[in-house]
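Trainee: As they're listed, the protein sequences go chains A and B.
Numbers 47 to 291, taken from my numbering, label the letters of the first sequence in order.
Numbers 1460 to 2052, taken from my numbering, label the letters of the second sequence in order.
Here a beta-carbon is modelled for each residue, glycine too, at the ideal position from N, C-alpha and C.
Quick caveat: nothing in here was measured; it's all calculated off a predicted structure.
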Amino acid sequence: MSTFLWVIFPYICLAIFVVGHVWRYRYDKFGWTTRSSQLYESKLLRIGSPLFHFGILGVAVGHFMGLIIPQSLTDRMGVSHELYHVVALAGGIPAGIATLAGLAILVYRRRTVGPVFSATTVNDKVMYAVLALVILLGMWNTIAGSLLTIGGEYNYRDGVSPWFRQIFWFQPDASLMAGAPIGFKLHAFFAFLLFAMWPFTRLVHVFSAPIGYFTRPYIVYRSRDDRPGVATGSRAQKRGWERVG
Amino acid sequence: MRVMAQMAMVMNLDKCIGCHTCSVTCKQAWTNRQGTEYVWFNNVETRPGLGYPRGYEDQEEWKGGWVRADNGRLKLRAGGRLNKLLTIFSNPKMPSIQDYYEPWTYDYETLLNAPAQEHFPVARPFSLISGKQINIEWSANWDDDLGGSQEHAVKDPMLKGIEDKVKFEFEQTFMFYLPRICEHCLNPSCAASCPSGAIYKREEDGIVLVDQDKCRGWRMCVTGCPYKKVYFNHKTGKAEKCTFCYPRVEVGIPTVCAETCVGRLRYIGLMLYDADKVLEAAAVEDEHDLYEAQRSVFLDPHDPAVQREAERAGIPGDWVDAARRSPVWKLISEYKVALPLHPEYRTMPMVWYIPPLSPVVDVIKDTGYDAEDKDNLFAAIDALRIPVEYLANLFTAGDVRPVNDVLRKLAAMRSYMRDINLGRDPRADIPEAVGMTEEEMYEMFRLLAIAKYGDRYVIPTAHGEQAHALEELATDCPVTGYDDELMETSGPFGEGSGRGSLTPVAVENLKMLQERQSADTLVSGASKRGRVNLLNWDGRGVPDGMFPGRTEPAPAAASPAGPTASDATDDPSRLRGGEARPDNTAGAGEGPR
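(1) At which residue ranges does the stretch 49–120 of chain A contain complete alpha helix (DSSP H) runs of 4 or more residues, listed in the order of the chain?
(2) Taking the C-alpha atoms as reference points, what is the distance between I265 of chain A and G1665 of chain B?
(3) On the DSSP bridge assignment, give the partners of Y1726 of chain B in chain order.
(4) Kindly indicate if chain B contains any beta-carbon less than 8 Å away from that of H67 of chain A.
(5) When we look at the beta-carbon of Q1465 of chain B and count the other beta-carbons within 10 Å, is it buried (16 or more) or exposed?
(6) What are the residues in the stretch 76–101 of chain A lying within 7 Å of chain B by C-beta distance?
(7) Only counting the same chain, and skipping five residues up and downstream in sequence, which positions put a Cβ closer than 6 Å to that of K1474 of chain B?
(8) Which runs of the beta strand (DSSP E) at least 3 residues long sit entirely within the stretch 1831–1897 of chain B? Give them in chain order.
(9) Using the Cα positions of R1915 of chain B and P1890 of chain B, report the straight-line distance between them to the nearest angstrom.
(10) Does the Cβ of F163 of chain A lie closer than 7 Å to at least one heavy atom of the ligand SAM?
(11) Count the other C-beta atoms from every protein chain shown that fall within 10 angstroms of the C-beta of E1516 of chain B, then say buried if there are 16 or more, exposed otherwise.
(12) Between which residues of its own chain and M243 of chain A is the CB-CB distance below 7 Å, once the five residues before and five after are set aside?
(13) Just to confirm, is the Cβ distance from P1584 of chain B to E1496 of chain B under 8 Å?
(14) Since P245 of chain A contacts G77 of chain A with CB under 8 Å, what's their CB separation in whole angstroms?
(15) Can you tell me which of the three DSSP states S1555 of chain B falls into?
(16) Using alpha carbons as the reference points, say which of B:A1734, B:N1594, B:R1877 lies closest to Q1753 of chain B.
(17) For F1548 of chain B versus P96 of chain A, is the C-beta distance shorter than 8 Å?
(18) Which of the residues in the stretch 1671–1693 of chain B, read from start to end, lie with their CB under 8 Å from any CB of chain A?
(19) Quick one: residues in its chain with C-beta nearer than 6 Å to the C-beta of A144 of chain A, no 5 flanking neighbours on either side, listed in chain order?
(20) Excluding the 5 residues preceding and the 5 following I1840 of chain B in the sequence, name in chain order all residues of the same chain whose CB lies nearer than 7 Å to its CB.
(21) Cβ of V1469 of chain B within 8 Å of Cβ of A1797 of chain B?
(22) Does DSSP put F1585 of chain B in a helix, in a strand, or in coil?
(23) Going by the DSSP bridge assignment, what does M1463 of chain B pair with across the sheet?
(24) For I139 of chain A versus T188 of chain A, is the C-beta distance shorter than 8 Å?
(25) Using a Cβ-Cβ cutoff of less than 6 Å, which residues in the same chain neighbour S269 of chain A once the five nearest sequence positions on both sides are dropped?
(26) Mind listing the chain B neighbours of F241 of chain A? Cutoff is C-beta to C-beta under 9 Å, in chain order.
(27) For H233 of chain A, count neighbouring C-beta atoms within 10 Å of its own C-beta (all shown protein chains included) and say buried if the count is 16 or more, exposed if not.
(28) Determine, using beta carbons only, whether P256 of chain A comes closer than 8 Å to chain B.
(29) For the alpha helix (DSSP H) containing E1596 of chain B, list its first residue and its last residue.
(30) Closest by CA to R156 of chain A, which one among A:G225, A:S88, A:V252?
(31) Take the Cβ of D74 of chain A as the centre, count every other Cβ of all protein chains shown within 10 Å, and call the residue buried at 16 or more, exposed below.
(32) What does DSSP give as the partner residue(s) for L1533 of chain B in the beta ladder?
(33) Below 8 Å CB to CB, which residues in the same chain sit around S1598 of chain B once its five sequence neighbours on both sides are set aside?
(34) Leaving out five residues on either side along the sequence, give the residues of the same chain with a beta carbon under 7 Å from the beta carbon of C1680 of chain B.
(35) Rounded to a whole number of angstroms, what is the C-alpha to C-alpha distance between R92 of chain A and I54 of chain A?
(36) Is the Cβ-Cβ distance between Y1726 of chain B and L1790 of chain B less than 8 Å?
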């Protein structure tokens, strides 16, 4: 069971994540959008959306620090265990609170503002539920595991983090996760579930962060014939219309 | 010098009767879909008035277009790249649906299903956004023909500084119509605002388009465009804008709005311009110089040096020839009667306007003087600060002088032509007074008043060697999925996703329709996918799908009458003969070549 949960399941989810994105990008560029609802309602969005998004960016940075950077590296740099925890909590708690507060405002808005609610698909609702669950579990782990130490102290950098890194070397050790507290297990499980759902939801907009805007010229010129795939739009050319020469 | 060609339009406002035919036909062609209910690529505003969306010209509020920074360079009024990315999670300056209007329909069913009762049943309005019953409080053209102007027109941003001079008492006011489409600017701030780089300017003809596959719905273009002519499709989550009907223009026929214009007030043609000088011209210090600066960017297609450079830049010979015959070039640069709309936004707009003389003429007529007399008209233009100042606020960033010049030319043309029409000797001093020759004045009259189809629209076709890529032949559309049934548009990932289906963009101008209708052969009026477009059906033959298929005869009755029945069912299909024939779409594509 533990092999399935912490070896097979993560790989299935990551495979869906990667292949799904490639597939969706090729199949559904037109559907690749944030599907903004700002046209319907702006006041709540102006508070909730930046709160949530900047919060979750902070959370992402925190996860990078905790999961990717090995403990041995910070030890060698002379960062004590206590100092690491103070930094992690000082960054993580505000980011987590901002994320949760933003999410609460956005969900409230989505439910109470008529036009926004009627523009919400079932797909959206399921995704929001899993996303909220993952965030809540993560928040719980931070507060209960590290701040209040309910159920004993757990150093995730000894368990969860090495396991997560091992996934990318293709040698994950399921026993590392098996020993983690239930909160961490649930968080990891639902996070991978979210990864599997990712390419099929509006979350794909994360991967269209417009970094190129900084370097491209303001005005874009394009030739009428200069179309990816030669034919019109960005679709592949049709049979019988292939370019000659 | 870097020569580029730009498809441009001029509208003669004196001829606009405010019938909204352009708006309606444009909407039928492009935005009659879910998610674009409130989208008007073309709209006609009554001026003075608020415009659409309400008060869009107030850039202090909406932050559209460019401003000149202290260092002499242009910057986006709503903030540069870093600013855009920092506010990407919630656009601080996006008009809400309330600033446009909440689209609605009526529950017509209650009219049909109501039982016999004492009082007439009423169809109540329902919002197309929330699906709930609403009270209609605003719409596009709510202030049409100065309706409610005491309340609304006084808020017109263009009246700033001249409020005290404008009278809104019914007898004393003036008004005219302003049809608006996307300006297809030389320096488009919508394209500059797009984080994804989805909005681009076509190298060949300068048409500004949104790549629907690259747009990610960040909505910065809506803020960036000072004319508010980029709209957010709230179903697909993508930006959409006027396309200058590029599938039509590519095959040499005018845009839908121009084709159907009742007053024949639109002119379409090419302008050659020097792309290297655009930024410099857009950044001149004094706003009053912007009109002249933009004109200085245009290149004279009669100049051999320009022709040589154009050839070097890869512009085909027939395009240069079309630029020479361009009515737009004549009106902008030869007669100098067309003016840009809001040059102060520094986007270098390419849909220009001939300001209306009619408000002035009306005033003189009311005073009992001869409204066609040159001296009366000239005196009135000088004396009547309104509407001239108001027009200047619209077309020259408040500089009265160019507007005065244009109005004097139009007035001179009236006087000069009256003498000719009444059989009197034409007076050469009239054109002279406005710096024109008699020949020029007469040519201008021909172009403005007679306005033949071929004179109004000089549109070179895209080239045959590129034909395989043209929309009209490849029948691909940037806005997919809009030919589907309304309720089917929700894909697996939301509206409009995963639409592989291609919808041909139907083009057919009135001339083609006439040819088809008067042809000797039977032509199927059937449109794509078995649906019948009754507007196009010419009464010849029976289109597919007009009648439901015949039910098979009952087996018992069929045995004696069998062969006859099947003959009968075969007959109409033989009569139709439409199966093998290209439908009207393909026919239209072949027409102008």
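Mentor: This is what the structure holds:
(1) Counting only runs of 4 or more, we get 55–73, 89–109.
(2) Straight-line Cα distance between these residues: approximately 12 Å.
(3) DSSP lists B:V1469 as the bridge partner or partners of Y1726 of chain B.
(4) no
(5) buried
(6) Those would be F76, G77, W78, T79, T80, R81, S82, Q84, L85, Y86, S88, L91, R92, S95, P96, H99, in chain order.
(7) G1722, L1724
(8) none
(9) 23 Å
(10) Ligands displayed in this structure: none; no statement on the ligand SAM is therefore possible.
(11) buried
(12) M173, V176
(13) no
(14) With a Cβ gap of about 11 Å, P245 of chain A and G77 of chain A do not count as contacting.
(15) Judged by DSSP in its simplified three-state form, S1555 of chain B adopts coil rather than helix or strand.
(16) B:A1734
(17) For the 8 Å CB-CB criterion, F1548 of chain B and P96 of chain A form a contact.
(18) Taking 8 Å as the Cβ-Cβ cut-off against chain A, the residues of the stretch 1671–1693 of chain B that qualify are Q1671, D1672, K1673, C1674, R1675, G1676, W1677, R1678, F1691, H1693.
(19) Excluding residues within five positions, the ones whose Cβ falls inside 6 Å are L97, G101.
(20) V1819, V1847, N1863, L1866, R1867, A1870
(21) yes
(22) strand
(23) B:Y1732
(24) yes
(25) none
(26) In chain order: nothing, as chain B lies at least about 17 Å away.
(27) Looking at its Cβ environment, which holds 16 or more other Cβ atoms inside 10 Å, H233 of chain A is buried.
(28) yes
(29) From DSSP, E1596 of chain B is part of no alpha helix (DSSP H); its letter is neither H nor E.
(30) A:S88
(31) buried
(32) B:R1527
(33) Within the same chain, S1598 of chain B has close Cβ partners Y1560.
(34) C1649, S1652, C1653, I1658, V1689, A1698
(35) 41 Å
(36) yes
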